[in-house]
């Protein structure tokens, strides 16, 4: 791959990290903790002294909470020094630091990594363990949710090199009281969804809250139909110049949907200047009838759900088209990699220990869904139990366009989708522009 393309992919990876973490409410902020990550530190006899880990997280992040407890407990059991954490909260800063470790071939024992250019670079230097093989070794591969496993499959060889931070799922919340007021039911198709929006708008309600300032939120509506109809086929064919927005039925459905939602006034006023925090506050503060959310907002939704004020529904079907069975976007967050060059017997023991205790850490300590299909403990928020049937048998992962498109194409499409949602251009004009981007940016 040319260096120019690699740099573009790395930048796209930065945007992807922000998307995944923001989209599920697991964003991290804060300063680094611990010292710098380094190669495995050993005593004079060559035996391991401690485990080092580099994470894109803060001390309040779910991933850090889980791994901190697992590594600390394991290290105490094995008589090791406390684990050495290096935490970096900023996307760009993290990618820069990880790239330095890859370039200098000094990766820590464990490190956070996106599935794409960064994992490929680590693979090129022999610095990443095949997680799929390790899951089989410890007898946990069949216990992992199939969609989460699918999310981390390498596009080149189909192997899995990253361990999920959690099972993150996305869906729509809706206000039951508003729906009951107008005799509405949760929509199962996009035509029903638009009919619901029209009824709400005609009665003076705000149909749909959206964080239009966040690029990923509008892009979700643009990519829902292509995902349900083709999974990743359209976006990959588009990148390879084998498909175009103008001639692909799934892509045209997505453009039409975003255009309709924006131009018919189904989003709240000023939606393009509303960030994720503000949109969250709007919906849970009583504004709007529907909100595209995810498992990262269970805490915010808990009280309203317990009081019978909220319901939820999956991503609707595209009318008149063949839709894949999975209708809940599922992803594993920012992946966790293990350095193959320091993957000794102690690290193998830790991997098995981690797999056997990860669900406990997810539910009891971090309050997130486990990537394993282990039985959930009692005493969790009711939403955990009620949401699980949405995804427990899912086999296909979410496909985020953010981590597939190179940075130049992504930036251009983001600009055009805003125009599309505002009605400043028609779907046909958007499609023509998007088709030109991939041609120009591939030169």
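Residue numbers (this note's numbering): 103 to 545. Backbone N, C-alpha and C fix where the C-beta goes; we use that ideal spot for every residue, glycine too.
Cα separation between residue 308 and residue 367? 9 Å
Does the Cβ of residue 205 have 16 or more other Cβ atoms within 10 Å, making it buried, or fewer, making it exposed? exposed
Rounded to whole angstroms, what's the CA-CA distance from residue 535 to residue 518? Just pull it up for me. Near 8 Å, if we compare the C-alpha coordinates of residue 518 and residue 535.
Can you confirm whether the stretch 283-291 touches the stretch 260-268 when touching is taken to mean that 3 or more C-beta pairs between the two stretches lie within less than 8 Å? no
Thinking just about the alpha-carbon of each residue, which of 371, 235, 273 is nearest to the one in residue 255? 235
For the candidate residues 313, 481, 267, whose alpha-carbon lies nearest to that of residue 392? 313
Note the first and the last residue of the continuous beta strand (DSSP E) segment covering residue 190. 186-190
Got a sec? Which residues, its chain only, sit under 8 Å from residue 247 by beta carbon, not counting five neighbours each side? 269, 432, 473, 474, 475, 493, 494, 496
If you draw a straight line from the C-alpha of residue 341 to the C-alpha of residue 507, how long is it? 7 Å
Are there three or more Cβ pairs, one per stretch, closer than 8 Å when the stretch 295-309 is compared with the stretch 321-329? no
Looking only at DSSP bridge pairs, what is residue 433 linked to? 270
Nearest by alpha-carbon distance to residue 409: which of 278, 310, 353 is it? Considering only alpha carbons, the answer is 278.
Per DSSP, residue 213 is paired with what? 156, 439
Alpha carbon to alpha carbon, how far is residue 418 from residue 486? 21 Å
Are the beta-carbon atoms belonging to residue 165 and residue 396 less than 9 Å from one another? Between residue 165 and residue 396, the gap from beta carbon to beta carbon reaches 9 Å or more.
Span of the beta strand (DSSP E), counted from its first residue to its last, around residue 412: 412-415
Helix, strand or coil for residue 63 per DSSP? This structure cannot settle anything about residue 63, because the visible part of the chain is limited to 103 through 545.
State the CB to CB distance for the pair residue 227 and residue 207, rounded to an integer number of angstroms; the pair is presumed to be in contact (CB under 8 Å). The Cβ separation is near 6 Å, so the contact holds.
Between residue 211 and residue 280, which are expected to be in contact by the criterion C-beta below 8 Å, what is the C-beta distance as a whole number of angstroms? Actually they are not in contact, since the Cβ atoms of residue 211 and residue 280 sit about 51 Å apart, beyond 8 Å.
Within its chain, find whatever has a CB closer than 6 Å to the CB of residue 528; leave out the 5 residues flanking it on each side and keep chain order. none
Per-residue burial, residue 284 [other beta carbons within 10 Å of its own, 16 or more giving buried]: exposed
Which term fits residue 149, buried or exposed, when burial requires 16 or more other beta carbons within 10 angstroms of its beta carbon? exposed
Does the beta-carbon distance from residue 318 to residue 504 come in below 9 Å? Taking a C-beta distance under 9 Å as the contact criterion, residue 318 and residue 504 qualify as a contact pair.
Quick check: the Cα distance between residue 196 and residue 219, rounded to an integer number of angstroms? 14 Å
Can you tell me whether residue 244 is buried or exposed, with buried defined as 16 or more other CB within 10 angstroms of its CB? exposed
Is residue 419 helix, strand or coil by DSSP? strand
On the three-state DSSP scale, how would you describe residue 378? helix
If you scan the stretch 239-304 from start to end, which runs of the beta strand (DSSP E) of 3 or more residues do you find wholly inside it? 270-277
Determine the contact status of residue 520 and residue 374, defining contact as a CB-CB distance below 9 Å. yes
In this structure, does DSSP put residue 549 in helix, strand or coil? For the chain, the structure presents residues 103 to 545; residue 549 sits outside this window and is missing.
Just reading off the beta strand (DSSP E) that residue 456 is part of, what are its end residues? Counting along the chain, no beta strand (DSSP E) covers residue 456; the unbroken alpha helix (DSSP H) around it starts and ends at 447-462.
For the alpha helix (DSSP H) that contains residue 166, what are its first and last residues? Per DSSP, residue 166 belongs to the alpha helix (DSSP H) from 164-180.
Span separating the alpha-carbon of residue 387 from that of residue 365: 25 Å
Is the CB-CB distance between residue 539 and residue 510 below 9 Å? yes
Out of 239, 209, 414, which one is the CA nearest neighbour of residue 230? 209
Compare the beta carbon distance of residue 251 and residue 415 with 9 Å and say whether it is the shorter of the two. No, they are not a contact pair.
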